[in-house]
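J.:
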Amino acid sequence: MQDSTVLTQPTAIHTTTKGQLWRSFGRMTWIQLKLYSREPIAFFFTLIFPVLLLAMYGIIWGNAPGSGYYQDYGYIDMQLPALTAVIIGTVGLMSVPVSVATNREQKILRRFKATPMRPLTYIAADVAVNYLVALVGMAAVIVVGALVFNLRFAGSLPAFFVGFTLATLAFIAIGYIVASLAPTARVAQVVGQLIFFPMMFLSGATLPLFLMPEGVQQVAQWLPLTQLVVLLQELWLGVGWNMTAVVVLLAMLIVGTLVSARLFRWE
Amino acid sequence: MNPVISVNHLHKAYGTTVAVDDISFNVAPGEIFGIVGPNGAGKSTTVESIMGLREPDSGNVSVLGLNPHTQRSAVSQRIGIQLQQAALPDRMKVWEALDLYSSFYTNTIPWEPLLEEWGLGDKRNARFVNLSGGQKQRLFIALALLNDPDVVFLDELTTGLDPQARRSTWDLVADIRDRGKTVVLVTHFMDEAEALCDHVAIIDHGNIIALDTPARLIEQVDDELRVTFEVDGPFSAEILSSLPQVSDISRSGRRWTARGDARNLLSAVVIALEQNAVRVTNLQTERASLEDVFITLTGRQIRA
Ligand SMILES: Nc1ncnc2c1ncn2[C@@H]1O[C@H](COP(=O)(O)OP(=O)(O)OP(=O)(O)O)[C@@H](O)[C@H]1O
Ligand SMILES: [Mg+2]
Chain A
0 MQDSTVLTQP TAIHTTTKGQ LWRSFGRMTW IQLKLYSREP IAFFFTLIFP VLLLAMYGII
60 WGNAPGSGYY QDYGYIDMQL PALTAVIIGT VGLMSVPVSV ATNREQKILR RFKATPMRPL
120 TYIAADVAVN YLVALVGMAA VIVVGALVFN LRFAGSLPAF FVGFTLATLA FIAIGYIVAS
180 LAPTARVAQV VGQLIFFPMM FLSGATLPLF LMPEGVQQVA QWLPLTQLVV LLQELWLGVG
240 WNMTAVVVLL AMLIVGTLVS ARLFRWE
Chain B
0 MNPVISVNHL HKAYGTTVAV DDISFNVAPG EIFGIVGPNG AGKSTTVESI MGLREPDSGN
60 VSVLGLNPHT QRSAVSQRIG IQLQQAALPD RMKVWEALDL YSSFYTNTIP WEPLLEEWGL
120 GDKRNARFVN LSGGQKQRLF IALALLNDPD VVFLDELTTG LDPQARRSTW DLVADIRDRG
180 KTVVLVTHFM DEAEALCDHV AIIDHGNIIA LDTPARLIEQ VDDELRVTFE VDGPFSAEIL
240 SSLPQVSDIS RSGRRWTARG DARNLLSAVV IALEQNAVRV TNLQTERASL EDVFITLTGR
300 QIRA
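Top to bottom, those sequences are chains A and B. According to numbering that gives the first Met the number 0, the first sequence is numbered sequentially starting from 0. According to numbering that gives the first Met the number 0, the second sequence is numbered sequentially starting from 0.
1. Where do the ends of the alpha helix (DSSP H) carrying T227 of chain B lie?
2. Could you give the distance in angstroms between the alpha-carbon of T101 of chain A and the alpha-carbon of H68 of chain B?
3. Classify S23 of chain A as buried or exposed, calling it buried when 16 or more other Cβ atoms lie within 10 Å of its own Cβ.
4. Using the beta-carbon of each residue, which ones in chain B are nearer than 7 Å to R37 of chain A?
5. What residues in the segment 144-169 of chain B have a beta carbon less than 7 Å from any beta carbon of chain A?
6. On the criterion of 16 or more Cβ atoms from any shown chain inside 10 Å, does K122 of chain B qualify as buried, or is it exposed?
7. Excluding sequence positions up to five away, which residues of its chain have a Cβ less than 8 Å from the Cβ of A145 of chain A?
8. For P338 of chain A, return the contacting residues in chain B, with the cut-off set at a CB-CB distance below 8 Å.
9. When the cut-off is 7 Å and only beta carbons count, does K17 of chain A lie next to chain B?
10. Say yes only if the C-beta of Q105 of chain A is nearer than 6 Å to one or more non-hydrogen atoms of ligand 2, and no if none qualify.
11. When the Cα atoms are used, what is the spatial distance from I175 of chain B to Q136 of chain B?
12. Which of helix, strand or coil does DSSP assign to E116 of chain B?
13. Please confirm whether T45 of chain A has its beta-carbon closer than 7 Å to some beta-carbon of chain B.
14. Work out the CA separation of H187 of chain B and N38 of chain B for me, nearest whole Å.
15. Run the CB neighbour count on M242 of chain A, radius 10 Å, all protein chains shown included, and call it buried at 16 or more, exposed below.
16. What's the gap between the Cα of S101 of chain B and the Cα of W110 of chain B?
17. To the nearest angstrom, how far is the alpha carbon of L9 of chain B from that of K42 of chain B?
18. If I measure Cβ to Cβ from T44 of chain B and keep anything under 7 Å in the same chain, skipping five residues before and after, which residues do I get?
19. Would you say the beta carbon of K42 of chain B comes nearer than 6 Å to a heavy atom of ligand 1?
20. Cβ closer than 8 Å: which chain B residues qualify as neighbours of I107 of chain A?
21. Measure the alpha-carbon distance for L156 of chain A versus T168 of chain B and round it to whole angstroms.
22. Given a cut-off of 7 Å on the beta-carbon distance, is the pair T181 of chain B and N146 of chain B in contact?
23. For the alpha helix (DSSP H) that contains R123 of chain B, what are its first and last residues?
24. Assuming S202 of chain A contacts T225 of chain A under a Cβ cut-off of 8 Å, what Cβ separation, rounded to an integer in Å, is found between them?
25. Secondary structure at Y72 of chain A, three-state DSSP: helix, strand or coil?
26. Look at the Cβ atom of L224 of chain B, then the Cβ atom of T284 of chain B, and state whether they are nearer than 7 Å.
27. Strictly below 8 Å CB to CB, what residues from chain A border E218 of chain B?
28. Mind checking the segment 98-131 of chain B against chain A and listing, in chain order, the residues whose C-beta falls within less than 9 Å of any C-beta there?
29. Which whole-angstrom value describes the C-beta separation of F228 of chain B and L282 of chain B, a residue pair presumed to lie in contact below a C-beta threshold of 8 Å?
30. Tell me whether G33 of chain B sits in a helix, a strand or coil according to DSSP, three-state version.
31. Could you spell out where the alpha helix (DSSP H) holding W235 of chain A opens and where it closes?
32. By Cβ distance, which residues of its chain are closer than 6 Å to N373 of chain B, with the 5 residues on each side in sequence left out?
33. What distance in whole Å lies between the Cβ atoms of L114 of chain B and A143 of chain B, which are believed to be in contact at a cut-off of 8 Å?
34. Give me, in chain order, the residues of the same chain whose beta-carbon lies closer than 8 Å to that of M0 of chain A; leave out the 5 immediate sequence neighbours on both sides.
35. Quick check on L6 of chain A: does DSSP put it in helix, strand or coil?
36. Under 8 Å, with one C-beta from each stretch per pair, do the segment 204-212 of chain A and the segment 119-130 of chain A reach the 3-pair mark?
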């Protein structure tokens, strides 16, 4: 065999240690966060735009009990979880596909691939950052809602947090499918928009569904974003877990992860 | 000495395009090994197969005694890579890139001195997108050296650099070798290969068409030296044409050209001119270059 004639250097083979993996992950996450904060447009859509929508709802409809459509709750109490769904959708279907596909198209991923860094380190950091961004986006609307509109919360905080986490990961997984299938960043962007924009208006995420015609309401039930809105609203108001929504989101998470694990390309 | 890199019957096709047909070579420790050839010859495919970035269809490759495909992580800890096609995020700063890439390796050297050495000291806080082509190139070289690698791959290292920057980059590459590292240099600049490389493989259409030291390659295609000069005052061509070392003497305008074997022509000509008190001006010597080797072997210019 040729291999036996080849020089074996005296230095030990460096295996990547666990500590090393965490260090790479930490550094990667931190840098991705910094890069995100330098993207004014993404920043606006996930962190500022939802607050503006909230303010608009508050000014138009207020948050008096009964101004909403659910017992003693106000319009803002109902729409806050819906706005959270908009944030999750924006992160999963707009930010993720564009950023991943751009990094691939510009050969940024290619350079990463040439290092000992594990592919999973990059993806884990990217998911963590997008999750954090969604979390901060939600925190922003909650803070403004609480301070300005006397927001009411009747659910269990841990349950809402778990629901939020499941939903965010599920939408990011779908975003990764889009990123993996799209040949270019531009296509990823357009496909993300084609999926997200109709859902945003038809799911009750921006306007309550009961304002829509009967037919639209029927169709809307089938949209993943509608399921997300329902899940978060019912958790927020203390109704409990909507199992249909849980199943839909779990399915998205599992299918999304499996499919993108198969399709993901570094170049 | 045992080779650091060993490539045997490497073959790689993309669909119906055969990028690498059948390539074998060894790289010795501590040398600069050049891979030259025209666009599309298969140079990048070859080195990227050695790095473990591309999976060969057949043949085997070994780097530092390791298999770059089954032991990719161990290999990538010990090699440095500058890719022909790569980028960093537009908004990433120079220092952040060095800091991030340092975290990927078990063994690293401090990056601040690298930054200075590669002339990026004042670009520390600049974003990648705002760097010039040459600065990006130098940043990628710095990234390739972060892990104090045993083998450094440089693919089209000086493309996009101005002539002065090219020369100083050559010095730095020679420095890398002088520090005991092995360098694999891919280039389509023949002068670069000639100036830097200890061995050169010329690749065309996915095959090695020549492999040797630059000097021997040149000697093989053309061992003739040309001495040209102008004369002030009387001169009879007899003086030179009678010398056994001179195979031919010709004149074009005021300029004379004596041809002969590269090994002993120059001293014979100079001594004869001196002894006959010929007043010579503007004496020059001309030899074949690696570029001529390529033209002779392929019948084409490297950049057609
Ligand atoms: N990913 C790819 N998919 C399909 N074809 C490819 C791919 N990469 C390279 N090729 C083709 O393989 C051949 C060899 O390409 P390669 O990049 O190895 O050449 P090269 O010698 O590095 O050229 P250059 O001097 O232009 O960098 C070319 O015909 C190229 O078009
Ligand atoms: Mg190339």
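From the three backbone atoms N, C-alpha and C, an ideal C-beta is built for every residue, glycine too.
T.: Straight from the coordinates:
1. Stepping through the second sequence from its first residue, residue 227 of chain B is reached at position 228. No alpha helix (DSSP H) holds T227 of chain B; the beta strand (DSSP E) holding it covers 223-231.
2. Residue numbering aside, residue 101 of chain A sits at position 102 when the first sequence is read from its first letter. Residue numbering aside, residue 68 of chain B sits at position 69 when the second sequence is read from its first letter. Answer to the nearest angstrom: the Cα atoms are 27 Å apart.
3. Residue numbering aside, residue 23 of chain A sits at position 24 when the first sequence is read from its first letter. Looking at its Cβ environment, which holds 16 or more other Cβ atoms inside 10 Å, S23 of chain A is buried.
4. As a first step, residue 37 of chain A must be located in the first sequence, where it is residue number 38. In chain order, R90 make up the part of chain B whose C-beta sits under 7 Å from the C-beta of R37 of chain A.
5. D149
6. Translated into positions along the second sequence, residue 122 of chain B becomes position 123. K122 of chain B is buried by the Cβ-count criterion.
7. Indexing the first sequence from 1 puts residue 145 of chain A at position 146. Same-chain partners within the cutoff: there are none.
8. With chain A represented from 0 up to 266, any question about residue 338 of chain A goes unanswered, as that position is not in the structure.
9. Position 18 of the first sequence, counted from the start, is the residue given in the question as residue 17 of chain A. Not one beta carbon of chain B lies nearer than 7 Å to the beta carbon of K17 of chain A.
10. Taking the first sequence and counting its residues from 1, one reaches residue 105 of chain A at position 106. For ligand 2, not one heavy atom lies less than 6 Å from the Cβ of Q105 of chain A.
11. Mapped onto the second sequence, residue 175 of chain B falls at position 176. Mapped onto the second sequence, residue 136 of chain B falls at position 137. The alpha-carbon atoms of I175 of chain B and Q136 of chain B are separated by roughly 16 Å.
12. Numbered from 1 along the second sequence, position 117 holds the residue referred to as residue 116 of chain B. The answer is helix: DSSP assigns E116 of chain B an H, G or I state.
13. Position 46 of the first sequence, counting from 1, holds the residue named residue 45 of chain A. It does not: the Cβ of T45 of chain A has no partner Cβ on chain B nearer than 7 Å.
14. Position 39 of the second sequence, counted from the first residue, corresponds to residue 38 of chain B. Position 188 of the second sequence, counted from the first residue, corresponds to residue 187 of chain B. Cα to Cα, the separation comes out at about 8 Å.
15. Locating residue 242 of chain A in the first sequence gives position 243, where the first residue counts as 1. Label assigned to M242 of chain A: exposed.
16. Sequence index remark: in the second sequence, residue 101 of chain B carries index 102 (1-based). Sequence index remark: in the second sequence, residue 110 of chain B carries index 111 (1-based). A straight line joining the alpha-carbon of S101 of chain B with that of W110 of chain B spans about 8 Å.
17. Mapped onto the second sequence, residue 9 of chain B falls at position 10. Mapped onto the second sequence, residue 42 of chain B falls at position 43. Going by the C-alpha atoms only, they are around 12 Å apart.
18. Numbered from its first residue, the second sequence carries residue 44 of chain B at position 45. Cβ within range, chain order: K11, A18, V19, R53.
19. Reading the second sequence from its first residue, position 43 is the one you call residue 42 of chain B. Answer for K42 of chain B: yes, Cβ within range of ligand 1.
20. Here residue 107 of chain A is taken as the residue at index 108 of the first sequence, counted from 1. A85, A86, L87, P88, listed in chain order.
21. The residue given as residue 156 of chain A occupies position 157 in the first sequence. The residue given as residue 168 of chain B occupies position 169 in the second sequence. Distance between the alpha carbons of L156 of chain A and T168 of chain B is about 60 Å.
22. Position 182 of the second sequence, counting from 1, holds the residue named residue 181 of chain B. Position 147 of the second sequence, counting from 1, holds the residue named residue 146 of chain B. For T181 of chain B and N146 of chain B, no; Cβs fall outside 7 Å.
23. Your numbering for residue 123 of chain B matches position 124 in the second sequence. No alpha helix (DSSP H) contains R123 of chain B, which DSSP labels as neither H nor E.
24. Working through the first sequence from its first residue, we reach residue 202 of chain A at position 203. Working through the first sequence from its first residue, we reach residue 225 of chain A at position 226. Between the beta-carbon of S202 of chain A and that of T225 of chain A there is about 4 Å, and that keeps the pair under the 8 Å contact cut.
25. Within the first sequence, numbered from 1, the residue matching residue 72 of chain A stands at position 73. DSSP places Y72 of chain A in coil when its eight states are reduced to three.
26. Indexing the second sequence from 1 puts residue 224 of chain B at position 225. Indexing the second sequence from 1 puts residue 284 of chain B at position 285. Cβ atoms of L224 of chain B and T284 of chain B: closer than 7 Å.
27. Here residue 218 of chain B is taken as the residue at index 219 of the second sequence, counted from 1. Per Cβ cutoff of 8 Å: no residues; E218 of chain B is ~29 Å from chain A at best.
28. D98, L99, Y100, S101, S102, F103, Y104, T105, N106, R126
29. Taking the first residue of the second sequence as position 1, residue 228 of chain B is located at position 229. Taking the first residue of the second sequence as position 1, residue 282 of chain B is located at position 283. Contact holds; Cβ gap of about 4 Å.
30. Walking along the second sequence from the start, residue 33 of chain B turns up at place 34. In this structure, G33 of chain B counts as strand in the three-state DSSP scheme.
31. Here residue 235 of chain A corresponds to residue number 236 of the first sequence, with the count starting at 1. From DSSP, the alpha helix (DSSP H) with W235 of chain A extends over 223-235.
32. This structure cannot speak to residue 373 of chain B, because chain B is shown only from 0 to 303.
33. As a position in the second sequence, residue 143 of chain B is number 144, starting the count at 1. As a position in the second sequence, residue 114 of chain B is number 115, starting the count at 1. Actually they are not in contact, since the Cβ atoms of A143 of chain B and L114 of chain B sit about 14 Å apart, beyond 8 Å.
34. Start at 1 with the first residue of the first sequence, and residue 0 of chain A comes out as number 1. Confidence is the limiting factor: at M0 of chain A the pLDDT is only 37, short of 50, which leaves the residue's position unreliable and the question unanswerable from this model.
35. Walking along the first sequence from the start, residue 6 of chain A turns up at place 7. Confidence in L6 of chain A is poor, its pLDDT being 44 and thus under 50, which makes the residue's placement unreliable; the coordinate value appears in the next sentence. Coil at L6 of chain A, not helix or strand.
36. no
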